Structure formats: structure tokens, C-alpha cells
Amino acid sequence: MFQQWNQPLNKNADIEEKIIDIYEKSNKRAGYRTICQILKFKYNLTVNHKKVLRIMQENNIQSIVRKKYKKPKENAIIKENLLNRNFKASKPGEKFVTDITYIPTQRKMTYLCTVIDLFNNEPVAWNISDSQDKNLSLDAIKALSKKYNLEGSIIHSDQGIHFTNKDYVDLLKELKVKQSMSRKGNCWDNAIAESFFSHYKSEAIYIMNSSFAPRKPCSNSNKSGGN
1 MFQQWNQPLN KNADIEEKII DIYEKSNKRA GYRTICQILK FKYNLTVNHK KVLRIMQENN
61 IQSIVRKKYK KPKENAIIKE NLLNRNFKAS KPGEKFVTDI TYIPTQRKMT YLCTVIDLFN
121 NEPVAWNISD SQDKNLSLDA IKALSKKYNL EGSIIHSDQG IHFTNKDYVD LLKELKVKQS
181 MSRKGNCWDN AIAESFFSHY KSEAIYIMNS SFAPRKPCSN SNKSGGN
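Numbering (UniProt numbering), first residue to last: 1 to 227.
As C-alpha cells, this is what we get:
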């Protein structure tokens, strides 16, 4: 009887230990949503997000909030939502979605801009940088243009400054791309990119930091590429 009664306590203690371990290995940047995903991804544990949040509060831990990117004093150029949540493409290079996320590493915060082909929902071009400047999105599109003839293609994004600035808009015009944007504050309009980053971040935090090995300095702070 005691053994049966003690099992839930042991399980809860084990979950609490794993939550604290994930938090520490993420350099104190993983929030409760990311921790839930890592528990499922690494330990095959499905834990309610409210429980994870409660355990974090009880242990007085919370994710470090990243500094917000200050928008330059520049008028945003907003485009129509051409994609309109039609995430199906009949051929490669017909429709793309793009977005930006941050990746906490042992050394510092790193930023990733990825372009996903909606034909197979796979990332086909990207740019990794230590900076959030305009080149983060510009270089990702330039990498994409080396792989595809983008004339007539649709590239969809949110209304972030990286996608509404004049240099980015002009680059897409030059490549004869149809630019599409989500409605303001509506993440479901770019659901494929949001889903990709949700899974990527939960895996990346553990894969990149699980060994506690310091990140090797890059010879260049900006890395672009494609498959």
C-alpha cells in the first residue's frame, strides 16, 4: 500500500527535477511552453502546461525575457494576405512562408530566419545571425533566390519590421515575387512557420545545449544557406 501511495510522489519529484534541469540547460531561457515540448520530445512525458507553470512558480524560476527589437523610424509597408491560409502548393517553389525566431545558446542569443516551401513544408533557405538587423531576412531571401527562379512565387510572412521595411519589399519586387502578409496579430495566418519554430526551438535548446559545451565562435556572425 505504501509503495502504491509513494509512486505518484516519486513521479512528481522526477518531473520537477526534469523541469529544473531543462530550465538550467536552456541557460534559463526556456518558458513553460518550451519545457512542455521538451518533456514530450526527450522524455516522452505529456505534462499539462498548467502543472509545469505551477512547478516553475513553486521553484521561483521563470524564463529570461529577450530584449525587444526596437523598430527603426521607418514607415512599415503592409501587403495583402494573398495566401489566405491556403497552405497547399501544387509544385516546388510556388508558395513559401518565412519567419524569424531566437535560439538561446551558451554564448549568446542567436537569431534564425527560415523560408519554408509549402509544397512539402520543409525549410529550403535560412539565415543565422547574432544580429536582428535587416540582413537577417534579406540574406535568407538571397539564399532562396540562388535555388529557385522566384518569378511569380508567393512569399508569406507576418507584419514584423524585417518583412515590412523598404529594402525587403524592394528585393521581392526585384525578384518579381508576390509578397503576402498575415493580418496584424494573427499567428494562424502563418501557422506552418509558427508550428515549425515551435518544434525547432524545443529540439534546438536541448540538442545545442545538452552537452553544456560552449558554442564555438563563428568565423562570420552571419550564416546563410539552403538544402
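Built from N, CA and C at the ideal position, the CB exists for glycine as well.
From a predicted model like this one, the values you see are computed outputs, not experimental measurements.
DSSP-derived helix/strand/coil call for residue i
i	result
Asp117	strand
Thr34	helix
Glu17	helix
Asn127	strand
Gln179	strand
Thr164	helix
Tyr148	coil
Glu122	strand
Arg54	helix
Ser137	helix
Leu39	helix
Ile61	coil
Asn10	helix
Glu80	coil
Ala143	helix
Val169	helix
Lys91	coil
Lys184	coil
Lys28	coil
Cα-Cα separation, residue i to residue j
i	j	result
His49	Asn149	43 Å
Val177	Thr164	14 Å
Asp21	Ala76	41 Å
Leu144	Ile38	30 Å
Lys142	Arg54	44 Å
Lys11	Asn60	20 Å
Lys146	Val47	43 Å
Ser211	Glu174	Reliability fails at Ser211, whose pLDDT of 44 lies under 50, so the model's placement of it is uncertain and no value is given.
Phe2	Asn121	Since pLDDT at Phe2 reaches only 44, below the 50 mark, its modelled position is unreliable, and the value read off the structure follows with that caveat. Approximately 51 Å, taken between the alpha carbons.
One or two residues paired with residue i in a DSSP bridge
i	result
residue 228	The structure shown does not extend to residue 228, since the chain is modelled only from 1 through 227, so no value can be given for it.
Val97	Ile116, His156
Tyr111	Tyr102, Ser129
Whole-angstrom C-beta distance between residue j and residue i, which should lie under 8 Å
i	j	result
Phe96	Ser137	Contact flag wrong, Cβ pair sits at about 12 Å.
Phe119	Ala140	That belief does not hold up - the Cβ atoms of Phe119 and Ala140 are roughly 18 Å apart, past 8 Å.
Asp99	Ser157	6 Å
Ile155	Gln179	6 Å
Tyr23	Val52	Contact flag wrong, Cβ pair sits at about 10 Å.
Met56	Ile15	Their Cβ separation, rounded to whole angstroms, is 11 Å, which puts Met56 and Ile15 out of contact at 8 Å.
For this session: Count the C-beta pairs between the segment 111-119 and the segment 164-172 that are closer than 8 Å, then say yes if the count reaches three, no if not.
Result: no
Exercise. Is there contact here, the segment 75-87 with the segment 174-193, by at least three beta-carbon pairs under 8 Å?
Worked result: Contact holds: three or more Cβ-Cβ distances are below 8 Å.
Exercise. Is the segment 84-98 in contact with the segment 51-65, if contact means three or more CB pairs nearer than 8 Å?
Worked result: no
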